[in-house]
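Chemist: Residue 1 is where the sequence shown starts when you use my numbering, and the numbers rise one by one after that. Can you keep this structure in mind? I'll have questions shortly.
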Amino acid sequence: MDTKMIDIISPLTNEVIGQVKAMSKKEVGAIIQKAKESWPAWRELASSKRMEYLYNAADLLEERADELAEIVMLEVGKDKKSARTEVMRTADMIRFTVDIAKGLNGTMIPAENFPGGSKNKYAITNREPLGVVLAISPFNYPVNLAASKIAPALVTGNTVVFKPATQGSLSGTFLANVFLEAGIPEGVLAVITGKGSEIGDYVVVHKDIDFVNFTGSTEVGQHIAQQVRMIPILMELGGKDAAVVLEDADLDLAAKHIVAGAFSYSGQRCTAIKRVLVVNEVADALVDKIRIHVMELKVGNPADTEGGLDVVPLINEKAADFVEELIIDAKEKGANILCGGTREGNMVQPTLIDHVTTDMRVAWEEPFGPVLPVLRVASMEEAIQIANESEYGLQSSVFTKDVDKAFEVARKLEVGTVQINNKTERGPDNLPFLGVKSSGIGVQGIMYSIEAMTRVKSTVLNLS
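Next comes the structure, spelled out in structure tokens:
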């Protein structure tokens, strides 16, 4: 029987740049079974040996950074400089993961600390791997957001079945091959490729999957959460990150960070700033400064230039269609399009929309594109209220010179992380990264991911 293949089409050239297998459920099942069979030996392998393999992978990744960056650029449309930065950052993250894992120590807890406890009873605890980890990564960071799942799982003794986004499979497969070449045994890490609509439900409910680590859309994440049985999950989903700008803010600083946060990689990031909530007193001045920065953004096709670009073609025309719908809806309802607002194919010009109101879709929906809506508010309290009415709760920024106000806003915002006087962003990779509400389940970041993919084992020692 002929093997079905999926063409990977570059968003930059609209040409086929490679193919991956559209695996059947039978093929996927065999891979999962192999991962389950490989787990006991991998778990029992000395942790120092597992760490050695990961150090090797980090070194190989650095050696092949240019080659992998070229694939990332062509496959997901990221400019070459940003793609290479992602690869190098990932090598650092793998090494740091190993270093953190070295500090995983058990504890001895005396029972006598509790009333009625015995001096002769102790609980000895350690952390054990869960088993087979299903790692599902998104298109926008096909190297970093894959390795941030794979490395913590492997170093702690789990085996990994890795499902990259279809548009991202070439980059993901390259990364997996680096791990395998570094010494990871066959079966300990395996890649499955294919349409999520065909194999997605099958793999997440497979009896031999012990943990699901997913980054992607809220819609898909919610579906996975409804499908899995009683196994732990870790999810990073969508966001509608707000930048709250108060009347005493440094407007030059705010404008600079807002534009960088909103338009880097065309806003195709869960942590992109996706709306500005600015108090009326400084709204005009802030919008003017933002508009100047937007007009200075570098727009283009990474395939045509070696220089760094801010706004690049979106991942496909469907994504551009959605962004265009949001812009048209806002315009029809009375918003002011200050710059941009046009598209050609999957290239959407950086768009700044002022006087956005809460009846407009762009005030609430995640565009995943280069569009920034500005909502003017009467007070800090109104900004917090609007921010918290979102179904999402990933990150927010607050810009103010008043430390007390900054922490008050941070305390009241219903998000996983608040950035004070900076853009919303993921990283550095050792910091906790999490979302609440429809933005995620659990905490990521190297130490937190390690803890999520292990469990506490307690052995109680009873002395005579």
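Backbone N, C-alpha and C define an ideal beta-carbon position, used for all residues, glycine too.
1) When you compare the CB positions of residue 277 and residue 383, do they come within less than 7 Å of one another, or not?
2) Measure the CB-CB distance between residue 180 and residue 380 and report whether it falls below 7 Å.
3) When the Cα atoms are used, what is the spatial distance from residue 131 to residue 339?
4) Between the Cα of residue 76 and the Cα atoms of 47, 140, 36, 22, which residue gives the shortest distance?
5) Per DSSP, what are the beta-bridge partners of residue 380 in this structure?
6) Let me know if residue 425 comes out buried or exposed under the rule of 16 or more other beta-carbons within 10 Å of its beta-carbon.
7) Rounded to the nearest angstrom, what separates residue 101 and residue 49 at their Cα positions?
8) So within the stretch 67 to 118, which uninterrupted beta strand (DSSP E) runs reach at least 3 residues, ignoring any that extend past its ends?
9) Taking the CB atoms as reference points, tell me whether residue 435 and residue 461 lie closer together than 7 Å.
10) If we ignore side chains and look at the alpha-carbon of each, how far apart do residue 387 and residue 413 end up?
11) Quickly, what does DSSP pair residue 339 with across the bridge? List them, please.
12) Where does residue 453 fall in DSSP's three states?
13) How about residue 23 and residue 193: are their beta carbons less than 7 Å apart?
14) Per DSSP, which one or two residues make a beta bridge with residue 399?
15) Helix, strand or coil for residue 431, going by three-state DSSP, please let me know.
16) Secondary structure at residue 545, three-state DSSP: helix, strand or coil?
17) When the Cα of residue 421 is compared with those of 464, 408, 244, 353, which residue comes out closest?
18) Is the stretch 314 to 331 touching the stretch 280 to 297, taking contact as three or more C-beta pairs under 8 Å?
19) Quick check on DSSP: helix, strand or coil for residue 1?
20) For residue 295, count neighbouring C-beta atoms within 10 Å of its own C-beta (all shown protein chains included) and say buried if the count is 16 or more, exposed if not.
21) In the DSSP assignment, find the alpha helix (DSSP H) that holds residue 23 and state where it starts and stops.
22) Mind the definition here: the stretch 65 to 73 touches the stretch 207 to 214 only if three or more C-beta pairs lie below 8 Å; say whether that holds.
23) Just checking, does the stretch 73 to 88 make contact with the stretch 156 to 176 on the three C-beta pairs under 8 Å criterion?
24) Beta-carbon within less than 7 Å of residue 58's beta-carbon, same chain only, minus the 5 sequence neighbours each way: which residues are those?
25) Quick check on residue 86: buried or exposed, where buried means 16 or more other Cβ atoms within 10 Å of its Cβ?
26) Can you give me the C-alpha to C-alpha distance between residue 280 and residue 351, rounded to a whole angstrom?
27) For residue 281, report the span of its alpha helix (DSSP H) as first-last.
28) My output table needs one value for residue 122: the three-state DSSP class, helix, strand or coil.
29) Just to confirm before moving on: does the CB-CB distance between residue 156 and residue 42 stay below 7 Å?
30) Please report the straight-line C-alpha distance between residue 144 and residue 52, rounded to a whole angstrom.
31) Count the other CB atoms within 10 Å of the CB of residue 366; is the residue buried (16 or more) or exposed (fewer)?
32) Within the continuous beta strand (DSSP E) that includes residue 235, where are the two ends?
33) Give me the residue from 411, 137, 231, 397 with the minimum Cα distance to residue 163.
34) Between the C-alpha atoms of residue 232 and residue 451, what's the straight-line distance to the nearest angstrom?
35) Just the C-alpha distance for residue 263 and residue 149, rounded to the nearest angstrom, thanks.
36) Just to confirm my understanding: we take residue 1, look at its own chain, exclude 5 residues before and 5 after, and list those with CB closer than 6 Å. What are they?
Modeler: Taking the geometry as given:
1) A distance below 7 Å separates the beta carbons of residue 277 and residue 383.
2) Contact: no.
3) Distance between the alpha carbons of residue 131 and residue 339 is about 51 Å.
4) Among 47, 140, 36, 22, the Cα nearest to that of residue 76 is on 140.
5) DSSP lists no partner for residue 380.
6) Looking at its Cβ environment, which holds 16 or more other Cβ atoms inside 10 Å, residue 425 is buried.
7) Using only the alpha carbons, I get a separation of about 12 Å.
8) Here the runs fully enclosed are 107 to 110.
9) If you check the CB distance, residue 435 and residue 461 do not come in under 7 Å.
10) Distance between the alpha carbons of residue 387 and residue 413: 7 Å.
11) BP columns for residue 339 point to 352.
12) In the three-state reduction of the DSSP assignment, residue 453 falls in the coil class, being assigned neither a helical nor a strand state.
13) The answer is yes: Cβ separation under 7 Å.
14) Residue 399 is bridged by DSSP to 245.
15) The DSSP-derived three-state label of residue 431 is coil.
16) Because the chain here runs from 1 to 464, residue 545 falls outside it and cannot be looked at.
17) For the options 464, 408, 244, 353, the alpha carbon positioned closest to that of residue 421 is the one of 244.
18) They do not touch, by the three-pair rule.
19) Residue placement at residue 1 is flagged as unreliable, the pLDDT there being 47, under the threshold of 50; the coordinate-derived value follows with that caveat. In the structure shown, residue 1 sits in coil (DSSP, three-state: anything other than H, G, I, E or B).
20) Taking a 10 Å sphere around the C-beta of residue 295, we find fewer than 16 other C-beta atoms and assign the residue as exposed.
21) Run containing residue 23: none; DSSP gives neither H nor E here.
22) They do not touch, by the three-pair rule.
23) Touching, yes, given that three or more Cβ pairs across the two stretches are closer than 8 Å.
24) Hits under 7 Å: 91, 94, 95.
25) When all chains shown are included, residue 86 counts as buried.
26) Their Cα atoms are separated by approximately 21 Å.
27) First-last of the alpha helix (DSSP H) with residue 281: 280 to 295.
28) Strand, per DSSP.
29) Cβ distance not < 7 Å, so residue 156 and residue 42 don't count as in contact.
30) Between residue 144 and residue 52, the C-alpha separation is close to 20 Å.
31) Buried is the call here.
32) Segment 233 to 236, the beta strand (DSSP E) holding residue 235.
33) The residue with the shortest Cα to Cα distance from residue 163 is 137.
34) Rounded to the nearest angstrom, the two C-alpha atoms are 12 Å apart.
35) Distance between the alpha carbons of residue 263 and residue 149 is about 26 Å.
36) Low confidence applies here, because residue 1 scores a pLDDT of 47, under 50, leaving its location unreliable; read the following figure in that light. Spatial neighbours of residue 1 in its own chain (CB-CB distance under 6 Å, excluding positions within 5 residues in sequence) are not present.
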